[in-house]
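Participant: The structure's right below; bear with me while I get my questions together.
Numbering (our numbering), first residue to last: 125 to 379.
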């Protein structure tokens, strides 16, 4: 096997940025596991002695620590020897968890900046969970992680698997794959419609507690999940149909 080239300075810097962006979240979670109440207001459910909360904190610490390993795998020579399936699991998990935050959190801030979010009185009457600054610190870190990992994964994937992706333009995958992709796209359209319905204030399929929690923040979150779901369905169909000339030109030029 030919020796894998080392990542350039730019990609090494991105890896450092991705790893540094995990520090706020890991610090908070570790502090909570140690019994600290930093960022947790009085009356929060997080203060209740529940084994589930402790386990969830421990698991999420490991998940965010995995970002450090992933960043190294995408930039170090040994990362080329990691089995594809082992790399795919954290990449897909990170995509599913981080993409809604990348789109949703700035969207929520924009809505509030436009004066369409919950006012101070409404926020004061809501059930306490975390201090507002925690969301800004943690979600900002998540967004940086997502952008940095995306910037690392694209060139990594092109260099490692680019030759396998080359083929006749529009060459379709076997028909069973196309059927599965079509079914996935149809299902994604149904799920997306439900999310858009909830984003606009619809209540079908929601219980009383979920209806009571409706706000501009939940509306933005539902809209973002709808967009992500539609994008996933469209991507499945595009892959099954063999892509487009524009997509092939992007892949070949790297621009």
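Here a beta-carbon is modelled for each residue, glycine too, at the ideal position from N, C-alpha and C.
Model, not experiment: these values are computed from the prediction.
Within 8 Å, do at least three Cβ pairs link the region 218 to 230 to the region 340 to 353?
Facilitator: Contact between the region 340 to 353 and the region 218 to 230 is present, because at least three Cβ pairs lie under 8 Å.
Participant: Any chance you could list the alpha helix (DSSP H) runs of at least 4 consecutive residues sitting entirely within the region 323 to 350, in chain order?
Facilitator: Runs found: 332 to 336.
Participant: Once the 5 residues before and after residue 125 are set aside, which same chain residues still bring their CB inside 6 Å of it?
Facilitator: With a pLDDT of 46 at residue 125, under the threshold of 50, the modelled position of that residue is not reliable, and no figure is offered here.
Participant: Look up residue 168 in the DSSP assignment and say whether it is helix, strand or coil.
Facilitator: coil
Participant: Among the residues of its own chain, which have a CB less than 6 Å from the CB of residue 253, if the five just before and after it don't count?
Facilitator: 168
Participant: Would you call the region 192 to 199 and the region 138 to 149 in contact, with 3 or more CB pairs under 8 Å?
Facilitator: yes
Participant: For residue 372, does the three-state DSSP call read helix, strand or coil?
Facilitator: Note that residue 372 scores a pLDDT of 44, beneath 50, so its modelled location is shaky; the value from the coordinates is reported in the next line. In the three-state DSSP reduction, residue 372 falls in the helix class (H, G or I).
Participant: Can you give me the C-alpha to C-alpha distance between residue 307 and residue 348, rounded to a whole angstrom?
Facilitator: 22 Å
Participant: Judging by CA-CA distance, which residue of 170, 158 and 156 is the nearest neighbour of residue 251?
Facilitator: 170
Participant: With residue 150 and residue 189 assumed to form a contact (beta carbons below 8 Å), what rounded beta-carbon distance in angstroms separates them?
Facilitator: 7 Å
Participant: Quick one: give me the first and last residue of the alpha helix (DSSP H) that residue 156 is part of.
Facilitator: From DSSP, the alpha helix (DSSP H) with residue 156 extends over 147 to 157.
Participant: Near residue 362, which residues of its chain fall below 6 Å by C-beta distance, leaving aside the five closest residues on each side in sequence?
Facilitator: none
Participant: Given a cut-off of 8 Å, decide if residue 309 and residue 357 are closer than it, judged by their beta-carbon atoms.
Facilitator: yes
Participant: Take the Cβ of residue 377 as the centre, count every other Cβ of all protein chains shown within 10 Å, and call the residue buried at 16 or more, exposed below.
Facilitator: Caution is warranted here: a pLDDT of 44 is assigned to residue 377, below 50, making its placement in the model unreliable, and the coordinate value is therefore given only provisionally. Classification of residue 377: exposed, given that the 10 Å Cβ count is below 16.
Participant: Assign residue 371 to buried or exposed, taking buried as 16 or more other Cβ atoms, counted over all protein chains shown, within 10 Å of its Cβ.
Facilitator: Summary for residue 371: the model assigns pLDDT 47, below 50, so the residue's position carries little reliability, and this model does not support an answer.
Participant: Excluding the five sequence neighbours on either side, which residues of its own chain have a C-beta within less than 7 Å of the C-beta of residue 240, listed in chain order?
Facilitator: 340
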